[in-house]
Structures are given as structure tokens and as C-alpha cells.
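See the structure below:
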């Protein structure tokens with residue numbers, strides 16, 4: 139059974155998408171959800187600690203989802219954090235790049 143107190147960070151530059159993911163998580167019983175509008179914003183929040191799961195878009199300004207994923211995996215304090223990539227990018231090379239960078243999952 140999943141810990142309903144698990145703290146999620148939803149990262150997407152499109153506020154409507156963040157709201158959709160937040161609502162889906164809420165329907166599943168997860169109410170501890172915060173948002174970030176890009177990878178830079180996400181890293182600032184993640185470095186404060188306390189998050190148990192990241193759901194990130196791929197295409198964002200300032201720092202895209204792949205760079206965010208690589209940065210998380212390179213940081214000893216965050217390297218084991220589950221990261222789910224959610225994107226409209228169905229290109230095989232993107233899926234491979236995300237897997238090689240250590241994505242926990244990839245949803246198109």
C-alpha cells in the first residue's frame with residue numbers, strides 16, 4: 139500500500155498540465171503535491187528536501203526534464219528519488235535517453 143503522505147513534485151511549464159496531474163494524484167488519495175514550472179524551480183525545491191517522488195515534463199524552458207533528471211541522479215542526496223517523465227515526445231531516442239539517464243518511468 140502506498141504512503142498517502144508521500145510528497146510529490148509536479149514539474150511542467152504548462153499550469154493546466156500541473157493541475158491535471160495534481161487532480162489525478164488527489165483522486166488516488168495523494169494530497170501532498172507541490173508544483174514547479176521548470177527544472178530550475180524544481181531543483182530549488184528539491185534541494186530543500188522532503189520529496190518522495192518527481193513527475194516531470196520533458197520540454198520546458200531554462201532546464202528541461204532530461205537535464206533535471208540527470209542533475210537529480212548526479213546528486214547523492216537525491217539520486218534514489220523516483221522520477222517519472224511525462225511528455226508528448228514519443229520519439230524512440232527520447233525514451234532511450236530518459237532510460238539511460240535513470241528515469242523510473244516514461245509516460246507518453
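Numbering (our numbering), first residue to last: 139 to 246.
From the three backbone atoms N, C-alpha and C, an ideal C-beta is built for every residue, glycine too.
Subject >> Candidates 145, 195, 144, of which the one nearest residue 249 by Cα >> reply: Residue 249 falls outside the range modelled here, since the chain spans only 139 to 246, and no answer is possible.
Original post:
Do the stretch 166–175 and the stretch 143–158 touch if we need at least three Cβ pairs shorter than 8 Å?
Top reply: The stretch 166–175 is in contact with the stretch 143–158.
Original post:
Which residues in the same chain have their Cβ closer than 6 Å to the Cβ of residue 189, if we skip the five residues on either side of it in sequence?
Top reply: Working through the chain shown from its first residue, we reach residue 189 at position 51. Taken in chain order, the residues that qualify are 145, 147.
**OP:** Write down the C-beta distance between residue 221 and residue 241 rounded to the nearest angstrom, noting that I regard them as a contact closer than 8 Å.
**Re:** Residue numbering aside, residue 221 sits at position 83 when the chain shown is read from its first letter. Residue numbering aside, residue 241 sits at position 103 when the chain shown is read from its first letter. That belief holds up - the Cβ atoms of residue 221 and residue 241 are roughly 6 Å apart, short of 8 Å.
Subject >> residue 186 versus residue 215: straight-line alpha-carbon distance, rounded >> reply: Position 48 of the chain shown, counted from the start, is the residue given in the question as residue 186. Position 77 of the chain shown, counted from the start, is the residue given in the question as residue 215. A direct Cα-Cα distance of roughly 11 Å separates residue 186 from residue 215.
Subject >> Sequence-distant residues of the same chain with beta carbon closer than 7 Å to residue 228, five excluded per side >> reply: Here the question's residue 228 lines up with position 90 in the chain shown. Around residue 228: 246.
**OP:** Specify, as a first and last residue, the run of the alpha helix (DSSP H) that residue 153 falls within.
**Re:** Taking the chain shown and counting its residues from 1, one reaches residue 153 at position 15. Unbroken alpha helix (DSSP H) run through residue 153: 153–165.
Subject >> First and last residue of the uninterrupted beta strand (DSSP E) at residue 243 >> reply: Numbered from 1 along the chain shown, position 105 holds the residue referred to as residue 243. Segment 243–245, the beta strand (DSSP E) holding residue 243.
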